[in-house]
Structures are given as C-alpha cells and as structure tokens.
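Novice: Every number in our numbering is 15 more than the matching position in the sequence shown, counting from 1. The structure under discussion is supplied below as structure tokens; questions concerning it will follow.
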Amino acid sequence: MLKLKRIYDPPAQLDGYRVLVDRLWPRGLSKSKARVDFWMKEIGPTDALRKWFGHDPRRWTAFRARYWRELRGNSRLILQLKQIIKERRTVTLLFGARDEEHNQAVALQAFLQRRRGSSHRKSRDPPMTGPIDRRFAQLRDTIVACRKCPRLVEYREEVARTKRRAYREWTYWGRPVPSFGDPHAKLLIIGLAPAAHGANRTGRMFTGDRSGDFLYGQLHRAGFANQASSRDANDGLALHDAYISAAVRCAPPDNKPLPAEILNCSGYLEEELDLLQPRVILALGAIAFDTYLRLLVRRGAIASRAPYTFSHGAECKLPRPLPLLFASYHPSQQNTQTGRLTPAMFHGVLRRIQRALAVSE
Ligand code: SF4
C-alpha cells in the first residue's frame, strides 16, 4: 500500500514505513521529529527541473511528464522503491511541499501506479493465479478472520446463532463478509455493510436480501453481472468489470456502524483500492461516500472532504490521478420500496459510469 503525506503532518502508526522523497531536507525539521525511516533523496526531480517547476500548478502537467522521463532513466531507484513497498506493505511517501496536489510525491505515486496498471492490464485474462489475485486471496483470508470490532463480532455471531425463523435451516455465515467481484474491475462499488440476515447469512455481499435483488438486477441490466439474481454464494453469479466492497464488513445493529468501526475497517478498503486501482468509484449511500472521502483525506490525497456533497447522481472530479467518484442512494428496501430510489434512477447512474469508463479506456 502506497500512501502520501506532508512531512510536517504528525507521524501516525498507519503510515507504515516512512520514505522521504524530497531532494532537499524540508526546512525546520529534525530527523527525530520527522520520524523518517529512509530518505530517498535521489528520487526527487533534478535541481533544474525542481527549480523550473517551483510548485506552480500551471506547470503541473509538463512537470509530471518531464519528471516521469527522469524516473524512467532512474530504474535502480524505482526498483529499490518497489522492493521496499513489496517488503514493507505499507509505505508512506513524504514530501515537504505545501501543495497537496502538485508535488513530486504525487507524480511519483502516479508513475508507480501506472507501471503497475500497465503490467496488470497485460494479464487481465484468466487464469486467476497472478500476483494480484493472490494478494486479493490473502486479503480475503485476513478479512474473514478479523475480530477488530468487539461490538460487531458479538452482533454478527449472535444473529448467526439465533437466526430468523424463515432461515432456520440455514447455517449462517456469521463472519466478516469479503468483497466480491472481478479483481481486475475498473468500477469499484462501495456499500454500507452486510445485512444481518442477508450477507451475514449467505457470506457474499448483497446476497440474499432485497437490496441485492435490486442491485444485481441493475448490474445485470447494465452488463456488469451475468445474472440478475443473488440467492446464495453458489448461485453462479459473476461480475464483469465491477467489484463490490463496503464501509464495514460485519453486520452492524440497525445497519449503523460506529465511526471507530468504519475506521477499523477502512484499512481493508485502502488495500483494495491499491490492488484494484479502479477508474470509477460508485458510493452507495452517504456513509460509503463519506468513508471513501475521509480515507482520501487520511492518505493525504485530498486536503478536505468539505467540497464534496453527497446527493443521488453526484459526480465528483477528484484531483488526478484519483478515480471519478459517483454517488447513489443506497439500494436499501427503505429507499427502493418508497420510490426514493427507482430502477430508472439507478440505471441512469450506471449509464453515466459506463460512459466515463469508455472515455477513460
Ligand atoms: S467491521 Fe471490519 S474491522 Fe470490524 S471486525 Fe468486521 S471486518 Fe474487522
């Protein structure tokens, strides 16, 4: 996982291994205060390029292109950095610039992601045994074994023991529900949480309840799913170019996760974002929308979530290279049965997403 952060912001445990990528040591900082694990100063832009750029946003595109050319000629350092990322798993690239969007760490991150993206596109087709698939499988195992949120662990297991009368023959899943879909998808859908007698029973996202009937019906209509129904985890449903995750993976009481539980779980969403590198995100409901934006703020990818307002059909252009963010009302029964969210409304959002994906090809 590759994060970005201004070196002046306080170090956090979630930063993992902290690599400073400035050519110059940022002013006014001591090494002990900055808690830098490694200073990779030669990876910064050359002095001439750095001075020419001067963090002027009008020169950003040209700067990025020139800096990438320099990075291509610097394969030893790129390999070294990739090795660190591989070994340390969570690495934060630290930069000194005030500007959160236009600095060499942002350009470097895009460079690394682009390289990973192009090698990943070459191997988009099955068999599903590539490194990305293995990392998804590892993440899935970690999620399924997770017990970080005591309240949710107790609730999901209690629901699985007591069951609903209609499902008394079922062995409930009763564990965290892993994400589901195409590991090479360009569209990432973020839901809220598993339903107590839906995904918490079947073990697959949006499976076995009315929300799932609505969602998969619409995904099928738009060509993202091979069938419209989702009864159980072995019903043959497969997604194409779409991947479904959630703000939390354990069923919460009253469908209301606590902020600390969302925070606990968003590390998994972060890992999925890094593995998937989607081009479009669809947030189902205000909590998913907020969860994603807060994650970006924590990662230093945006300065604040304030400029982005949730509404059905909202489309947010976040700073590059972040994916386009769409929002929809959550397909909960409460919304779909009251007409707050209709099939036509949801289909309209999916059509716009398809157009955005086509343009980004
Ligand atoms: S909600 Fe997420 S972090 Fe909390 S126990 Fe479930 S899987 Fe773990």
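All C-beta atoms in this analysis are idealised placements derived from N, C-alpha and C, irrespective of residue type, glycine included.
Below 7 Å between beta carbons: does that hold for G206 and G213?
Specialist: Taking the first residue of the sequence shown as position 1, residue 206 is located at position 191. Taking the first residue of the sequence shown as position 1, residue 213 is located at position 198. No, these two residues do not count as a Cβ contact at 7 Å.
Novice: Following the continuous alpha helix (DSSP H) through I277, name the residue where it begins and the one where it ends.
Specialist: Counted from its first residue, the sequence shown places residue 277 at position 262. Here the alpha helix (DSSP H) through I277 covers P274 to L291.
Novice: Determine the direct distance from the alpha carbon of L35 to that of V174, and round the result to whole angstroms.
Specialist: Locating residue 174 in the sequence shown gives position 159, counting from the first residue. Locating residue 35 in the sequence shown gives position 20, counting from the first residue. In a straight line, the C-alpha of V174 is about 47 Å away from that of L35.
Novice: Going by DSSP, name the residue or residues bridged to E330.
Specialist: Along the sequence shown, one-based indexing puts residue 330 at 315. According to DSSP, which records beta bridges pairwise, E330 is partnered with F341.
Novice: Measure from the alpha carbon of R50 to the alpha carbon of each residue in L39, P60, Y23 and E57, then state which is nearest.
Specialist: Working through the sequence shown from its first residue, we reach residue 50 at position 35. For R50, the nearest C-alpha among the options comes from Y23.
Novice: Within 6 Å: the Cβ of N215 and any heavy atom of the ligand SF4?
Specialist: Residue mapping note: residue 215 aligns to position 200 of the sequence shown, counting from 1. Checking the Cβ of N215 against the ligand SF4 gives no.
Novice: Going by DSSP in three states, A240 sits in which element: helix, strand or coil?
Specialist: For the purposes of this step, residue 240 is taken as the residue at position 225 of the sequence shown. It is a strand residue.
Novice: Are F195 and R166 touching if we call contact CB-CB under 7 Å?
Specialist: Walking along the sequence shown from the start, residue 195 turns up at place 180. Walking along the sequence shown from the start, residue 166 turns up at place 151. No. Outside cutoff.
Novice: Please identify the residue among R313, H362 and T306 whose C-alpha is closest to the C-alpha of G328.
Specialist: Taking the sequence shown and counting its residues from 1, one reaches residue 328 at position 313. Out of R313, H362 and T306, H362 has the C-alpha closest to the C-alpha of G328.
Novice: State the CB to CB distance for the pair Q124 and L109, rounded to an integer number of angstroms; the pair is presumed to be in contact (CB under 8 Å).
Specialist: For this step, residue 124 is matched to residue 109 along the sequence shown. For this step, residue 109 is matched to residue 94 along the sequence shown. With a Cβ gap of about 12 Å, Q124 and L109 do not count as contacting.
Novice: Here's the rule I'm using: 16 or more other beta-carbon atoms within 10 Å means buried, otherwise exposed. How should S226 be labelled?
Specialist: Here residue 226 corresponds to residue number 211 of the sequence shown, with the count starting at 1. Classification of S226: buried, given that the 10 Å Cβ count is 16 or more.
Novice: Counting C-beta neighbours from all protein chains within 10 Å, is the total for T351 16 or more, i.e. buried, or is it exposed?
Specialist: The count along the sequence shown starts at 1 and reaches residue 351 at position 336. Under this definition T351 is a buried residue.
Novice: Decide yes or no for the touch test of the segment 317-328 against the segment 336-355: beta carbon pairs closer than 8 Å, at least 3 of them.
Specialist: The answer is yes - the segment 336-355 touches the segment 317-328, with three or more Cβ pairs under 8 Å.
Novice: For I277, which residues of its own chain have a beta-carbon under 7 Å away from its beta-carbon, when the five flanking residues on both sides are left out?
Specialist: As a working mapping, residue 277 is identified with position 262 in the sequence shown. So the list reads A262, V263 and T306, once near-sequence residues are dropped.
Novice: Quick check on the burial criterion: 16 or more other C-beta atoms within 10 angstroms. Buried or exposed for S45?
Specialist: Taking the sequence shown and counting its residues from 1, the one referred to as residue 45 is at position 30. Exposed: under 16 other Cβ atoms inside 10 Å.
Novice: Contact defined as beta carbons within less than 8 Å: I believe L19 pairs with A316. What is the distance between those atoms, to the nearest angstrom?
Specialist: Residue mapping note: residue 19 aligns to position 4 of the sequence shown, counting from 1. Residue mapping note: residue 316 aligns to position 301 of the sequence shown, counting from 1. That pair is a contact at about 6 Å.
Novice: Sort out for me which residues DSSP pairs G196 with in a bridge.
Specialist: Counting from 1 along the sequence shown, the entry for residue 196 is found at position 181. Per DSSP, Y258.
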